[in-house]
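Chemist: Following this message is one structure expressed as structure tokens.
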Amino acid sequence: MMKKGAKARALVTLLTDFGGNDGYVGIMKGVMLGINPAIKFIDLAHEIPLHQIAAGAYILNSAYPYFPAGTIHVAVIDPGVGSDRSILLCEAKAQFFLAPDNGLLKFIFHNHRIDRVIRVTNPGYFLPAVSHTFHGRDIFAPVAAYLSIGHRIENFGEWTSDFKRGNLPVLKMTKNSITGEIVYIDRFGNLITNILPKALDIVPGGAQFWIRIGSHQIKGIASCYANGGENEPIALWGSSNSLEIALNQARADHFLNVNYGDEVCLEWFDDN
Amino acid sequence: MMKKGAKARALVTLLTDFGGNDGYVGIMKGVMLGINPAIKFIDLAHEIPLHQIAAGAYILNSAYPYFPAGTIHVAVIDPGVGSDRSILLCEAKAQFFLAPDNGLLKFIFHNHRIDRVIRVTNPGYFLPAVSHTFHGRDIFAPVAAYLSIGHRIENFGEWTSDFKRGNLPVLKMTKNSITGEIVYIDRFGNLITNILPKALDIVPGGAQFWIRIGSHQIKGIASCYANGGENEPIALWGSSNSLEIALNQARADHFLNVNYGDEVCLEWFDDN
Amino acid sequence: MMKKGAKARALVTLLTDFGGNDGYVGIMKGVMLGINPAIKFIDLAHEIPLHQIAAGAYILNSAYPYFPAGTIHVAVIDPGVGSDRSILLCEAKAQFFLAPDNGLLKFIFHNHRIDRVIRVTNPGYFLPAVSHTFHGRDIFAPVAAYLSIGHRIENFGEWTSDFKRGNLPVLKMTKNSITGEIVYIDRFGNLITNILPKALDIVPGGAQFWIRIGSHQIKGIASCYANGGENEPIALWGSSNSLEIALNQARADHFLNVNYGDEVCLEWFDDN
């Protein structure tokens, strides 16, 4: 039965590490369309490095603010499938989030100060036979589809405050430095950090600063990729508004030999 | 002209080896939408290893049971494009299947005991100029689109019982062993076999069994991927319900150095 | 407000070098659906080699003739993002084209003799905060979405005739040869040239010709891929109707050690 508000929920995004080879994502969509033929799907990403929950969490966080109210986000990066890990469902900013309890939703929990979520346990919403290896098809897909036709989130299980909130990387500040880290590396090899513009409020007015990453130093902040010369990494404010290190038409990660979690340090002379 | 039942057929899945680089899949969709703007597309897979018909057949078989009645499945892994190979169209389980006559539909034929199919020969349903190299665009796409608006399958050609049925791998049984083979290797390197639970009915009650693959032995059957230790392959009942060999968070195919068609042998002591 | 003709424009194609890893394409779609929930998306290609504008231009050219009137094509291969490069919008064959001013639309301009386009400058159609690095999200997506609900192209900026028309590769003819070049290499390693059938009108009737590529000679023109033997490249008329060099079930580009822009020469004996 179609419930009130169903139309507004007919948009489902999918974020997995299933790749494009095996048909797994297509199968999930088939299951959902069997329940609600009106669903429109948006693929966020399916080529996430296997089991890289942190990358998936980052992408979901960068994407959901751009989706309309009622959107249902289904994230299945789930190395614990078939174990006793829970599946979580919550609502924030009038959107819905469905994911394993493994930190994939850590930014959602943080941004919206969520302290209670639904643990999905109602088998009435699962496929009749639940496999040990493909909950994307057997649980996530039908749950998202029933949600899309207006079922209330509390129908799918029980409220819990016992779930993995995950840790967000924090900045380390001294009187002449701000140290963040690489939180995402995109397809272009651009290095996205957790340093936001407001962090620079502590830089004394007029102070020149430089950015240290690996054994490299970058002076100041550029305004676009094309500003960088060959073999000359630049720093700029990226699309998520955070400090990004890039190489014009080349991969900064390879050039600088850095990876997820590596330090990025903004420094200035402390003349006072 | 829109025929009766057209709405129920507006779902088209696509399975190809065209990849995501060249625009070929998008072009097929453009052709279809020009004929029926209401089509909804589901991409099953497009990164199938080039010309690997067996992998495509496996994926289609794992996917179609999860799609609603009226779905049209278009599979174009077609190394014989432009030769005199036929294009086949059939109906099974109230779904439609369109593919080259090269074994891609072997599971469909087997599962549903299909002994007659349509050979697609009616050029009235093709694009005006049919190329030698891209029948996906020139034949498959318009045929699927006209099918989606309710044209009957016999309009597209003539019935034939002369087509490639393909061979399904069969189990070899002895009094103390069941030997199957690897029928699919997924993105995670999981090895999917053709051994189904019911095959184990011949194992004597209470008998301990082990699984031999390559030079490796696996004891018993685990319940989820996370149960496996590092460098310790496990066996479990996979998402297609068949026996699957996996390595927790790593590739079993590389670790065991095995490939498509390699033997997987379930053995037990015959005490009787 | 929905404008007249809006329905006819609800089809949007996307062509980018964003890949499937980072969520960038999904974010663009989220932005568009927030403005026009009725948009249907077709992904042309997202795995284009980074910054390869020529490949993108080729794919767009091979695809758009197969899309219905009203389609909006959004192409974002944009190494100059954030610099002062312009964004162009034009209409041709009742379809719309939105792309950076870097040659991506060169075939459209050429095929339709376009001498005026809109330079997109009206910030009223952009997201409130325009980043330096992701105009796909901040400019292209909302512009395409407003276009899809019927806004007129001249609303988005001003007419200009000052834009990069781009150069199409031209054939060199002698009395016993036609020299073209490789303009695209597809996923299968097939080499697509700019030699069209009509170029062969200058070949004397009955003259035998051969095709020289790298250090290799190919005799005559085959009718399908399957005609080629192992390690025996063939030439055939490809799906875009141009001369194509291929290897049956293998990569011609690797076998012949050739690349974009390399010469392909059709020669014959000049007996007169």
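Heads up: the sequence lines are chains G, D and E, in that order.
Residue 32 is where the first sequence starts when you use our numbering, and the numbers rise one by one after that.
Residue 32 is where the second sequence starts when you use our numbering, and the numbers rise one by one after that.
Residue 32 is where the third sequence starts when you use our numbering, and the numbers rise one by one after that.
C-beta: ideal position from N, C-alpha, C; glycine also.
Predicted, not measured: the structure shown is a model, and the values here were computed from it.
Tell whether a beta-carbon distance below 7 Å holds between C255 (chain D) and H163 (chain G).
Modeler: In contact: C255 (chain D) and H163 (chain G) (Cβ atoms closer than 7 Å).
Chemist: Can you tell me whether A160 (chain E) is buried or exposed? The criterion is at least 16 other CB atoms within 10 Å of its CB, across all chains shown.
Modeler: With fewer than 16 Cβ atoms within 10 Å of its Cβ, A160 (chain E) is classed as exposed.
Chemist: To the nearest whole angstrom, what separates the beta carbons of L227 (chain G) and N272 (chain G), a pair I think is in contact under 8 Å?
Modeler: 6 Å between Cβ atoms; contact.
Chemist: Using a Cβ cut-off of 7 Å, which residues of the segment 142-161 of chain D contact any Cβ in chain G, in chain order?
Modeler: Cβ contacts with chain G: none found.
Chemist: K195 (chain E): which of E:D132, E:V112, E:Y55 sits nearest, CA to CA?
Modeler: Checking every option, the nearest Cα to that of K195 (chain E) belongs to E:D132.
Chemist: Rounded to the nearest angstrom, how far is the Cβ of G61 (chain D) from that of I73 (chain E), given a contact under 8 Å?
Modeler: Contact holds; Cβ gap of about 7 Å.
Chemist: Whose C-alpha, out of G:I58, G:A172, G:E78, G:G50, is nearest the C-alpha of V43 (chain G)?
Modeler: For V43 (chain G), the nearest C-alpha among the options comes from G:A172.
Chemist: Kindly say whether I216 (chain G), judged by its beta-carbon, lies nearer than 7 Å to any beta-carbon of chain E.
Modeler: Not closer than 7 Å to any Cβ of chain E, the Cβ of I216 (chain G) fails to qualify, so no.
Chemist: Please confirm whether H166 (chain D) has its beta-carbon closer than 7 Å to some beta-carbon of chain E.
Modeler: Chain E contact via Cβ: absent.
Chemist: Which word fits W268 (chain D), buried or exposed, when buried means at least 16 other C-beta atoms lie within 10 angstroms of its C-beta?
Modeler: Its Cβ being crowded by 16 or more others within 10 Å, W268 (chain D) is buried.
Chemist: Output yes or no for whether 7 Å exceeds the beta carbon distance between R218 (chain D) and G50 (chain G).
Modeler: The answer is yes: Cβ separation under 7 Å.
Chemist: Assuming I213 (chain D) and L202 (chain D) make a contact with CB atoms under 8 Å, what is their CB distance in whole Å?
Modeler: With a Cβ gap of about 13 Å, I213 (chain D) and L202 (chain D) do not count as contacting.
Chemist: Would you say K195 (chain G) lies against chain D (beta-carbon separation less than 7 Å)?
Modeler: Chain D contact via Cβ: absent.
Chemist: Of the choices D:P154, D:R168, D:H77, whose alpha-carbon is the least far from that of L64 (chain D)?
Modeler: The residue with the shortest Cα to Cα distance from L64 (chain D) is D:R168.
Chemist: So, do the segment 129-144 of chain E and the segment 225-242 of chain G have three or more beta carbon pairs nearer to each other than 8 Å?
Modeler: As far as the Cβ criterion goes, the segment 129-144 of chain E does not touch the segment 225-242 of chain G, which means the pair count is below three.
Chemist: So for I170 (chain E), helix, strand or coil by DSSP?
Modeler: Note: I170 (chain E) maps to helix in three-state DSSP.
Chemist: Would you say N288 (chain E) reaches chain D, if we count a Cβ-Cβ gap shorter than 7 Å as a contact?
Modeler: Not closer than 7 Å to any Cβ of chain D, the Cβ of N288 (chain E) fails to qualify, so no.
Chemist: Quick check: the Cα distance between M32 (chain G) and Y97 (chain D), rounded to an integer number of angstroms?
Modeler: Caution applies to M32 (chain G), whose pLDDT of 44 falls short of 50 and renders its modelled position unreliable; the value that the coordinates give is listed next. Going from the Cα of M32 (chain G) to the Cα of Y97 (chain D) covers about 20 Å.
Chemist: Within its chain, find whatever has a CB closer than 8 Å to the CB of I184 (chain G); leave out the 5 residues flanking it on each side and keep chain order.
Modeler: Only L120, C121, E122, F127, I149, L178 meet the Cβ criterion.
Chemist: Report the neighbours of L64 (chain D) on chain E: residues whose CB is nearer than 7 Å to its CB, in chain order.
Modeler: By Cβ distance, chain E contributes L42, P99.
Chemist: Does any residue of chain D bring its CB to less than 7 Å from the CB of G134 (chain G)?
Modeler: Not one chain D Cβ lies under 7 Å of G134 (chain G).
Chemist: Per DSSP, C296 (chain E) forms a beta bridge with which residues?
Modeler: Per DSSP, E:T210, E:R243.
Chemist: Is D132 (chain G) helix, strand or coil by DSSP?
Modeler: Note: D132 (chain G) maps to coil in three-state DSSP.
Chemist: Using beta carbons (cut-off 7 Å, strictly below), is G111 (chain D) in contact with chain E?
Modeler: By this cut-off, G111 (chain D) is an interface position.
Chemist: State buried or exposed for A125 (chain G), treating a residue as buried only when at least 16 other CB atoms are found within 10 Å of its CB.
Modeler: So A125 (chain G) counts as exposed.
Chemist: Using Cβ-Cβ distances below 9 Å, what residues of the segment 44-58 of chain E are close to chain G?
Modeler: Cβ contacts with chain G: D48, F49, G50, G51, N52, D53, G54, Y55, V56, G57, I58.
Chemist: Give the DSSP-derived three-state secondary structure of M33 (chain G) in the structure shown.
Modeler: Residue placement at M33 (chain G) cannot be trusted, given a pLDDT of 46 that sits under 50; the coordinates are not used to answer.
Chemist: What separation, rounded to the nearest whole angstrom, lies between the Cα atoms of F286 (chain E) and F138 (chain G)?
Modeler: So the two alpha carbons sit approximately 49 Å from each other.
Chemist: Start and end of the alpha helix (DSSP H) containing F138 (chain G)?
Modeler: Its alpha helix (DSSP H) spans residues 137-142.
Chemist: Based on DSSP bridge pairs, tell me the residues matched to F72 (chain E).
Modeler: DSSP, once it has assigned bridges, lists E:V43 as partnering F72 (chain E).
Chemist: Give a yes or no on whether the C-beta atoms belonging to I180 (chain G) and D284 (chain G) are separated by under 7 Å.
Modeler: No, the pair does not count as a contact, with Cβ atoms beyond the cut-off.
Chemist: With distances taken Cα to Cα, identify the nearest neighbour of L274 (chain D) among D:G260, D:N221, D:S192, D:I79.
Modeler: The shortest C-alpha separation from L274 (chain D) is found at D:N221.
Chemist: Can you find the residues in the same chain that come closer than 7 Å, C-beta to C-beta, to H141 (chain E), ignoring five residues on each side of it along the sequence?
Modeler: Excluding positions up to five away in sequence, the list reads L199.
Chemist: First and last residue of the alpha helix (DSSP H) that includes I58 (chain D)?
Modeler: I58 (chain D) -> alpha helix (DSSP H) spans 55-66.
Chemist: Using a Cβ-Cβ cut-off of less than 9 Å, give me the residues of the segment 72-98 of chain D that come near chain G, in sequence order.
Modeler: Within the segment 72-98 of chain D, the residues whose Cβ lies closer than 9 Å to some Cβ of chain G are I73, D74, L75, A76, H77, E78, I79, P80, A86, Y89, I90, L91, S93, A94, Y95, P96, Y97, F98, listed in chain order.
Chemist: So that I know if they touch, is there some Cβ in chain E lying closer than 7 Å to that of A257 (chain G)?
Modeler: True, the Cβ-Cβ gap to chain E drops below 7 Å.
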